[in-house]
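>
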Amino acid sequence: MIIAERKPLEEIAAMAAPYKKICVLGCNTCVGICMAGGEKEAAETASLLRIHRNKENQEGEVDVFSIERQCEFEFIDEVLERLQGYDLIVSLACGVGVQTMIEHVPNLRVVPGLNTTSMGYPTEQGVWAERCLGCGDCVLHMTMGICPITRCAKSILNGPCGGSAEGKCELGDDIDCAWQLIHDRLSSFSRLSDLTEIQPPKDWSTSHHGGPRTTVREDVRIDRGE
Amino acid sequence: MIAGSNLEKVINSGNFVVTGELGPPKSSEITQLKHHAEEMKNHVDAYNITDNQTAIVRTSSIACGSTLIQMGLEPIIQITVRDRNRICIQSDVLGAHALGMKNILCLAGDHQSFGNEPGSKGVYDIDSMQLLKGLKDMRDENRFMGGDELEAPISYYLGAVENPFADPFEYRVDRLEKKINAGASFIQTQCIFDLDRFEKWMELVRERGLHKKAAIMGGVTPIKSLGAARYMKNNVSGITIPDELIDRLKGAEKKKVEGLNICIETIQRLQEIEGVAGVHIMAIAWEEIVPEIVERSGLYPRPKV
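One line per chain: the protein sequences are A and B, in this order. Counting in this note's numbering, the first sequence runs from 1 upward without gaps. Counting in this note's numbering, the second sequence runs from 1001 upward without gaps.
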């Protein structure tokens, strides 16, 4: 899922300062699950924003509600009329949600209340780890299900590098060396010899480096006719 | 003979090879670098010139290499994959060759977050293995990484680094073999302070006959003070310093003298280890000591080949 965390309140308050009718809009899917922008966090953010604005003697009101997903037109449509009453929407969706909102409702002023950090999963309560960079050409079959593109700080395909020590990355002890993990898993499946092959340079054109990506599936598109 | 560099000739002659290291400055004022190069010119066979080491912005390796060539000295250009994509790397290699550089050391480079531009975007388009293989193919197959042909052949002597002190230990020899297969003719190791571990690693190297496929050069660094030792132990990625060594320095009256002794003893032991072809002396911020190290290690004069 998509992982995000709320921007500092001061930053949100500064974005909202020039506006009077403000809506904090939560998103209940990914960012709801990672406790950054769901219903509960939206209510909390709205309260904090109200208190802050009161202190600063800023006039106006701060409303709050949430929708299931800000990244799909259908869900936005359900609240279309309601959204029109606001000078500013503070979206507690990921960056995708914010952009879906303005694309679908161009007259809305929408600002991000979250910083979108990564695609990953919770490894324990309160800890979310990045696991996919969306490179467009998955290599997990070669690396025993551990992504070196994402989890190695240098995205090395022929690792581990010389900075790997006691299973940790040279960046710090809180980061596992992805290639140590791959090495250990290969070892446990008696497949260490897989590492002898020199992996060629990756074709990054399938990733963001090839330009912004659009996925088209002709087989599921709706034929709109002539 | 591949590229005919002095480094390659000394290695091929079977003499114990000696290389030094020059770190370009955080300015374009390279008088000091030239001075250090001059100082050790009779004591080393070639000079590594680092490529923005520890991710700190410095004069480029190739620019300093060009200066060395003008002085009649031989650089080993370092190329990291941290700051350049394959377009830039290959372009720089063409340029370095055009300027007369014959030795290239391929490495990944310290992560940009360690340096003075921690907010910069790391490139890592290719890794150090792919860099070696790509440059080997440029030289031996006359084609760029993308498959296009070079308009004229190119030649250089390729090297790589290996860290016997990184983990997983057993894999370090596999990785060395992989680097040799990818194109490395010479190998410079990370600074050796833990000689026992290095010897264990060399045993595995010899078991596979890898010392016959590439020249293995042990990396050494003279330690100037207890603080420097502690700093390296705790802050420099990939370096291991055993506690006994720290204790020995601690017990010594003159730390600098003891640090120097340790370095020279290490080089003397390296000369006795079967399969070690040479030493790479990284006297960071203590370059003027290199002649003494080389002389006291019994490696002076350098062979004329």
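Cβ atoms here follow ideal geometry from the backbone N, Cα and C, with glycine treated the same way. Values in this document were obtained by computation on a predicted structure and should not be read as measured data.
#1: Given R217(A), which residues of its chain have a CB within under 8 Å of its CB, disregarding the five upstream and five downstream residues?
#2: Examine chain B for any beta-carbon lying closer than 8 Å to the beta-carbon of P106(A), and answer yes or no.
#3: Within 8 Å of any Cβ in chain B, is that where the Cβ of A153(A) sits?
#4: Taking its Cβ as the centre, do 16 or more other Cβ atoms sit within 10 Å of S189(A), making it buried, or is it exposed?
#5: Any C-beta of chain B sitting closer than 8 Å to the C-beta of G163(A)?
#6: Tell me whether G172(A) sits in a helix, a strand or coil according to DSSP, three-state version.
#7: Determine the contact status of Y1124(B) and R1139(B), defining contact as a CB-CB distance below 8 Å.
#8: Tell me the DSSP secondary structure of T29(A) in three-state form.
#9: Looking only at its chain, what residues have a beta carbon closer than 7 Å to the beta carbon of K1250(B), apart from the 5 residues adjacent to it on each side?
#10: Is the beta carbon of D1127(B) closer than 8 Å to that of K154(A)?
#11: Can you tell me the Cα-Cα spacing of I89(A) and L25(A), whole angstroms?
#12: Shortest alpha-carbon distance to E11(A) belongs to which of G32(A), L48(A), N28(A)?
#13: Please work out which residues of its chain come closer than 7 Å, Cβ to Cβ, to E5(A), disregarding the five sequence neighbours upstream and downstream, and give them in chain order.
#14: Can you give me the C-alpha to C-alpha distance between N1085(B) and E1295(B), rounded to a whole angstrom?
#15: Quick one, which residues of the segment 206 to 225 of chain A are near chain B if we go by CB-CB under 7 Å, in chain order?
#16: Does L83(A) come within less than 8 Å of chain B when only Cβ atoms are used?
#17: Tell me where the beta strand (DSSP E) around H1280(B) begins and ends.
#18: What does the alpha-carbon distance come out to for the pair L1176(B) and N1142(B)?
#19: Count Cβ pairs between the segment 129 to 148 of chain A and the segment 1094 to 1111 of chain B that sit closer than 8 Å; are there 3 or more?
#20: For C94(A), which three-state DSSP category applies?
#21: Which chain A residues sit within Cβ distance under 8 Å of Y1124(B)?
#22: Can you name, in chain order, every residue of its own chain whose Cβ lies under 7 Å from the Cβ of L108(A), other than the five neighbours on each side?
#23: Let me check understanding here. Comparing Cα to Cα, which of T1189(B), G1298(B), I1076(B) lies closest to R1172(B)?
#24: Whole angstroms are fine: how far does the CA of I1273(B) sit from the CA of H1280(B)?
Reading from the atomic positions:
#1: Answer for R217(A): no residue qualifies.
#2: For P106(A), the answer is no, since every Cβ of chain B falls outside 8 Å of its Cβ.
#3: Interface criterion met: the Cβ of A153(A) is under 8 Å from a Cβ in chain B.
#4: For the sequence presented, residue 189(A) should be read as Phe rather than Ser. It counts as exposed.
#5: At least one C-beta of chain B is nearer than 8 Å to the C-beta of G163(A).
#6: Three-state result, G172(A): strand.
#7: Not in contact: Y1124(B) and R1139(B) (Cβ atoms no closer than 8 Å).
#8: Three-state DSSP puts T29(A) in coil, outside helix and strand.
#9: For K1250(B), where only same-chain residues beyond five positions count, the Cβ hits under 7 Å are L1226.
#10: When the beta-carbon positions are compared, K154(A) and D1127(B) come within less than 8 Å of each other.
#11: The straight-line gap from Cα to Cα measures roughly 7 Å.
#12: It is L48(A).
#13: Excluding residues up to 5 positions away in sequence, A36, L114, N115, T117 lie with their Cβ nearer than 7 Å to the Cβ of E5(A) in the same chain.
#14: If you draw a straight line from the Cα of N1085(B) to the Cα of E1295(B), it is about 41 Å long.
#15: Answer in chain order: no residues at all.
#16: Taking Cβ atoms only, chain B never reaches closer than 8 Å to L83(A), which makes this a no.
#17: Counting along the chain, the beta strand (DSSP E) containing H1280(B) begins and ends at 1276 to 1281.
#18: Within the model, the alpha-carbon separation for L1176(B) versus N1142(B) is close to 25 Å.
#19: Inter-segment contact for the segment 129 to 148 of chain A and the segment 1094 to 1111 of chain B is absent: fewer than three beta-carbon pairs are separated by less than 8 Å.
#20: Coil, per DSSP.
#21: Simply K154, S155, I156.
#22: Excluding its 5 nearest sequence neighbours in each direction, L108(A) has C-beta neighbours in its own chain below 7 Å: L83, I89, M101, I102, listed in chain order.
#23: When each option's Cα is compared against that of R1172(B), the closest is T1189(B).
#24: Going from the Cα of H1280(B) to the Cα of I1273(B) covers about 15 Å.
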